[in-house]
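S.K.: In the numbering used here, the protein residues as written are 23 to 214. Note that beta-carbon positions come from the ideal geometry of N, C-alpha and C, so glycine has one too.
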């Protein structure tokens, strides 16, 4: 909103109204939501911020850039659209008291887990993205779309290392999207 965007919170089943008096932040999920406007907003937005809920498929259909947050399972990461960015959830091993590396996730069945009980049965805590991680991703998306993003050599190296971990035929064969640059920089130990 501070960058002159109108921000619409979408969703069907939201618990609480947004607490804001900013006229550029519209709590569309609580007031005025319709099926038609869901499609329209997803088709016309500058970019869309979402998790893996069904609403994300709408901007994808219309080739709108998407900033995916709290993405899980990692093996099914959105890899196909060059304007997409994403942040995966981290996985914490309660037994080893450490985060799983990306390689450990991608080279095991946990890279495809869809249900909370699967993680719980394996002693894995799923860690949501922090507000700071999400904020960095949204700023990166804004700068990329404005053509002002300056990728560093280190970022390019980390991106290449991350995407090299993905098996090329399971299920992804094309790697065009990017994991958030700041997220990867702050979590580079997960590349080991």
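Tell me whether the stretch 60-67 and the stretch 82-93 touch, counting them as touching only if at least three CB pairs, one residue from each stretch, are closer than 8 Å.
M.R.: Yes: at least three Cβ pairs fall under 8 Å.
S.K.: Specify, as a first and last residue, the run of the alpha helix (DSSP H) that residue 139 falls within.
M.R.: 138-143 is the span of the alpha helix (DSSP H), which, as asked, contains residue 139.
S.K.: Counting only beta-carbon atoms, is residue 169 nearer than 9 Å to chain D?
M.R.: In the displayed structure, chain D is absent; only one protein chain is listed.
S.K.: What does DSSP give as the partner residues of residue 200 in its beta bridges?
M.R.: Residue 200 is bridged to 107.
S.K.: So what does residue 85 bridge to, in DSSP terms?
M.R.: Paired residue(s): none; residue 85 is not in a bridge.
S.K.: Straight-line CA distance for residue 117 to residue 180?
M.R.: Roughly 28 Å separates the two Cα atoms.
S.K.: What would DSSP say about residue 50, mapped onto helix, strand or coil?
M.R.: Coil.
S.K.: Would you list the residues sitting across from residue 93 in a DSSP beta bridge?
M.R.: Partner(s): 110.
S.K.: So, under 8 Å CB-CB, residue 123 and residue 212 are touching, yes? Tell me the CB distance rounded to an integer number of Å.
M.R.: Their Cβ separation, rounded to whole angstroms, is 5 Å, which keeps residue 123 and residue 212 in contact under 8 Å.
S.K.: For the beta strand (DSSP E) containing residue 36, name the first residue and the last one.
M.R.: Per DSSP, residue 36 belongs to no beta strand (DSSP E) and is neither H nor E.
S.K.: Which residues bound the beta strand (DSSP E) around residue 155?
M.R.: Note, residue 155: premise wrong, no beta strand (DSSP E); alpha helix (DSSP H) at 153-168.
S.K.: Mapping DSSP to helix, strand and coil, what is residue 183?
M.R.: Three-state DSSP puts residue 183 in a helix.
S.K.: Roughly how many angstroms separate the alpha carbons of residue 73 and residue 161, rounded to a whole number?
M.R.: Roughly 17 Å between the two C-alpha positions.
S.K.: Could you tell me if residue 39 is buried or exposed, where buried requires 16 or more neighbouring beta carbons within 10 angstroms of its beta carbon?
M.R.: Exposed, since its Cβ has fewer than 16 Cβ neighbours within 10 Å.
S.K.: Could you work out which residue in 199, 206, 208 is closest to residue 98 when comparing CA atoms only?
M.R.: Of the candidates 199, 206, 208, the one whose C-alpha sits nearest the C-alpha of residue 98 is 199.
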